Amino acid sequence: MATRYDPQQIEPKWQAKWHESDLFCAKRDASKPKYYVLEMFPYPSGKLHIGHVRNYSMGDLVARYKAAQGYSVFHPMGWDAFGMPAENAAMANNTHPGTWTRHNIAQMKEQFAALGLSLDWSRELATCEPEYYGQQQALFLDMLAAGLAYRKSAQVNWDPVDMTVLANEQVIDGRGWRSGELVERRELTQWFFKISDYSEELLAALDGLQNWPDKVRLMQKNWIGKSRGLKFGFETVNAPAGFDSIEVYTTRPDTLMGASFMAIAADHPLAKALETDPALAAFNAECRRGGTSAAEIETAEKRGYDTGIRVRHPLDPTWELPVWVANFVLMDYGTGAIFGVPAHDQRDFDFAHKYALPIISTFVAEAGVDAAPTEAFVPPKSETVRFVRAIAGPEIQTGEAAIEAAIDRAEAEGWGRGVINYRLRDWGISRQRYWGCPIPVVHCDACGVVPEKKENLPIKLPEDVSFDTPGNPLDRHATWRNCACPKCGAPARRETDTMDTFVDSSWYYARFTAPHATTPTDPDEAAYWMNVDQYIGGVEHAILHLLYSRFFARAMVKCGHLPESATEPFNALFNQGMVCHETYYTENARGLPVWHAPDEVNRSADGATLKADGSAVKIGPSVKMSKSKRNVIDPMEQIHLNGADAARWFVLSDSPPERDVEWTAAGAEAALKHLARVWRFADEIGTRSEQTAPPGAHDEARSLTKAMHRAIADVTDCFEGFAFNKAIAKMYELTAQIGRSNAPLADKRQAIQTLAQLMAPITPHLAEEVWEMTGGAGLIAQAPWPKPDAAQLVDDEITLPIQVNGKRRGEMQVPATADKAEIEALALAHPSVLPYLDGKPPKKLIVVPGRIVNVVV
RNA sequence: GCCCGAGUGGCGGAAUGGUAGACGCAGCGGAUUCAAAAUCCGCCGCCUUAACGGGUGUGCCGGUUCGAGUCCGGCCUCGGGUACCA
């Protein structure tokens, strides 16, 4: 028998017992409602980090709590296993990406096991295995057939050293994040998913996602970027053939009378057609090269080139506007052409200022004060302004009203129409990479681009590849590309692009419902387990992953792989905060910081010193753990030191789950102390009981029982509301009560068993141990969630604070059943009130039953 | 620039418009001990008071209310998202 809390002994023991009883393997059970809880699956970097511990502790809390509540819980885990790090590792260490990835998975799985999570490993999947990506290829073919996948030529970020396309996120200050080389914009033929078909639906359905954070819904809304405006053509005066009219899109048609120039993108067909002018061709080329990073755009000068072409104002044929090519006009938004209104748009203003174009006001502030000549006058659309050059409607109106009036006029007169525009663009998924899902199409000289036959899937990645030269090994593989055309049978070539890894993670939640099915999903299993009832992950996926997944669910519904009810796959979403840590540094001779890891530093209340030589170390702010700042805590070290339960308890205890939490050695210690204390209580009480009742036993038992039921009610509420830090505070309170109590052992045992049940979703190993030590039957993991006794939640007597003129002056004990009149009488006679009354009746007396009394004199 | 969010003790954080600071950390005092560790108990916003108490206090200014950390208006600061989007 152990004499102290020993997680090293307890934790493996219970992990083995859970494993033996096959507890967490999801089973279809007609007698129970199902509950699907999912945490965003990890990239198998090979090393668990503390952020994982927090993420998966939360998911496990929900899973175990719901299981105790009587749900048939579905809690699977897998690996987001494709991606660039494996290729980089392959290049650095001369291994195969698959070897590296599978080794990491094995390693991380062991680390996961040490956390004691209630995961169903029987449904484990890895996106890099043909069993998974083969079905993804089948999905692709279905989407192709359904018109949701297509090929087009598009501008991409091309890294000339690594010879690959880079995502926008991988371009930092205009350079490839890995090569450091200036990125070029190249026009390549790429595969796209038609997410833009769903712009309106993806936007409209956000309203229904009531259990998603408002923040995420708002971010998606802004990303989709719906706007209403006017689309119309400007007739050209002296343009080349085929350009009789140039279409523009504007959200501010009310300012049309202030137009002073037209600007088109460098990629606009007209701009290209005019490239016979070498100076313009050079200008266009320069625009295309222009960087895409935020910093560059910030400083980018507005530059233009006058094409010499003129267009006619739609409302005045005698009014001609010059057409410029401008570097700030984008081809892939609107029509790639705009009309410039310098008076009411700052960007147009800057441009007009630079090239001495006219500035024409269409409206002024209602008070009549005109725009300052140094900047554009841009009032909010909802503001009322006085039009001096209105298109339609009254002289004084809001921008909104004027916009609608202008659209109405354009439509009535037939020269334009109101349109809805979205910022959301189609999703380019082609990557010139090896370690990804091959796009299952074939290029045939005779038939063109031909989809692979489903019976030929999976199109497996070849194993014999080398990474000694940059670029895509699939491209230079001796034989892999060679194949027969699925249509005509003639020799043909495989597509060598692979899919963006975001595709892999866009449907894994559905694949979990039938991970070994020979179709992407098993409709019956999908119908049973979908949707994900609770999804948990970082807010960094607020747009990309979550928007792609919402699109994919729709595509899968369309192709018959998911039921209609799974159109929105995640019923509830929770974004957990990050784990941070203080930073420690000394300064080198040049005054630059030299970072020190937490385990190299002695931290006390008054400062920090280096363990090595005792010299002082500066303490920097607590920030997200990162290798560069060396402020990283290794979760496995913590588990070896204090156990998984202590780590799990701590990451949930100090801050609300949606907020960042700071890892501190003191906090981790406090968690351990608490767990040891609970263990000690169980050890003291065990299964014993005393011969004679202790003094005051009845009252003690009564108040302990009340505290126990209070705790059950409070913790349950807190778990339901994702207020895990508060739930933990309530458990501390019950623990303190038990520690103080002189109740008979039998009552204390009941309280400690209840405490163990409440703690079980967070510290499952300790809970099992305590349960066993105190004679609990079976496994606590299978015990039903305790229910509070409503009768125990009401007090006979309550404390009512008394205010005089809104200031607290005293308090009184009143029976819980006291009515308003009784409370009023008691309050007016109360010694803390009498001096203020001075014998007179109060002006007003407010009694909020059960809450407060306020006497106004 | 635009769009969100947040500002509460030494720190992390609690408070359906109703006793501000639950709970934890740190700190202080005590018990136990030969001593320490461990453990247990108590105190703990600021000013004032011997004490009882009183005053004051949730970023700043104003408002609504019997009563405001909470609601409204206007600022300030910090954090996040996003951007030549026409």
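In this text, residue positions in the first sequence follow the numbering used here: the first is 66, and each later residue adds one. Just so you know, even glycine gets a beta-carbon here, dropped at the ideal spot from N, CA and C. Computed from a predicted structure; not experimentally measured.
Does the Cβ-Cβ distance between residue i and residue j come in under 9 Å?
i, j, result
"Tyr-101", "Phe-139", "yes"
"Arg-412", "Val-302", "no"
"Val-406", "Ala-607", "no"
"Leu-844", "Ile-777", "no"
"Leu-180", "Ile-793", "no"
"His-161", "Glu-528", "yes"
"Phe-787", "Glu-727", "no"
"Ile-75", "His-830", "yes"
"Ala-467", "Ala-457", "yes"
"Asp-94", "Thr-566", "no"
"Thr-563", "Arg-498", "yes"
"Tyr-130", "Trp-850", "yes"
"Asp-397", "Gln-220", "yes"
"Pro-760", "Asn-807", "yes"
"Asn-707", "Pro-72", "yes"
"Thr-372", "Leu-395", "no"
"Phe-257", "Ile-494", "yes"
"Ile-424", "Ala-324", "no"
"Met-322", "Leu-380", "yes"
"Thr-463", "Glu-440", "no"
In its own chain, which residues sit with a C-beta less than 6 Å from the C-beta of residue i, not counting the 5 before and 5 after it?
i, result
"Ile-485", "Arg-293"
"Ala-815", "Residue 815 is actually Gln in this sequence, not Ala. Around Gln-815: no qualifying Cβ."
"Ile-362", "Low local confidence applies: a pLDDT of 47 at Ile-362 is under 50, so the model's placement there is unreliable, and no value is given."
"Asn-675", "Sequence inspection shows Leu at residue 675; the Asn mentioned does not correspond to that position. Around Leu-675: Val-682."
"Pro-516", "Leu-206, Leu-209, Val-506"
"Leu-182", "Tyr-121, Asp-125"
"Val-604", "Asn-640"
"Ala-128", "Val-102, Val-138, His-140, Ser-183"
Might you give, ordered along the chain, the residues of its own chain that have their beta carbon closer than 8 Å to the beta carbon of residue i, omitting 5 neighbours on each side?
i, result
"Ser-218", "Glu-252, Leu-253, Thr-254, Gln-255"
"Val-443", "His-409, Asp-410, Gln-411"
"Arg-874", "Ile-867, Gln-868, Ser-897, Val-898, Tyr-901"
"Trp-384", "Arg-377, His-378"
"Leu-611", "Val-281, Gln-285, Phe-635, Leu-638"
"Ser-691", "Val-697"
"Cys-550", "Val-507, Cys-509, Ala-511, Cys-512, Val-515, Pro-556, Ala-557"
"Glu-652", "Pro-658, Val-659, Lys-683"
"Lys-519", "Ala-203, Leu-206"
Mind checking who residue i pairs with in its DSSP beta bridge?
i, result
"Ser-718", "Beta-bridge pairing links Ser-718 to no other residue."
"Gly-672", "Ser-669"
"Ser-687", "DSSP output for Ser-687 lists no bridge partner at all."
"Glu-300", "Ser-310, Arg-377"
"Tyr-370", "Val-390"
"Ile-485", "Arg-293"
"Ala-430", "Val-450"
"Cys-548", "Ala-557"
"Glu-252", "Gln-220"
"Trp-492", "Phe-258"
In whole angstroms, give me the CA-to-CA distance for residue i and residue j.
i, j, result
"Ala-890", "Val-912", "11 Å"
"Ala-711", "Leu-103", "23 Å"
"Phe-428", "Ala-344", "38 Å"
"Ala-436", "Val-388", "With a pLDDT of 49 at Ala-436, under the threshold of 50, the modelled position of that residue is not reliable, and no figure is offered here."
"Cys-645", "Asp-719", "12 Å"
"Ala-673", "Val-688", "17 Å"
"Lys-905", "Ser-768", "42 Å"
"Ala-582", "Gln-847", "30 Å"
"Pro-98", "Ser-630", "16 Å"
"His-114", "Ile-698", "8 Å"
"Asp-812", "Glu-175", "40 Å"
"Ser-7", "Val-597", "What the structure shows of the chain is the stretch from 66 to 922, and residue 7 is not part of that stretch, so it cannot be assessed."
Near residue i, which residues of its chain fall below 7 Å by C-beta distance, leaving aside the five closest residues on each side in sequence?
i, result
"Gly-483", "Arg-293, Leu-295, Ile-472, Glu-476"
"Glu-85", "none"
With three or more beta-carbon pairs closer than 8 Å as the criterion, would you say the segment 738-747 touches the segment 781-790? Counting Cβ pairs under 8 Å, fewer than three are found: no touch.
Does the segment 667-686 come close enough to the segment 798-807 that 3 or more CB-CB pairs lie under 8 Å? Result no; under three Cβ-Cβ pairs closer than 8 Å.
Does the segment 311-323 come within contact of the segment 389-401, defined as at least 3 CB pairs closer than 8 Å? By the C-beta criterion, the segment 311-323 is judged to be in contact with the segment 389-401, since at least 3 inter-stretch pairs fall below 8 Å.
Closer than 8 Å is the cut-off here; do at least three beta carbon pairs connect the segment 655-673 with the segment 611-630? For the pair of segments examined, the segment 655-673 was found not to touch the segment 611-630: the number of CB pairs separated by less than 8 Å stays below three.
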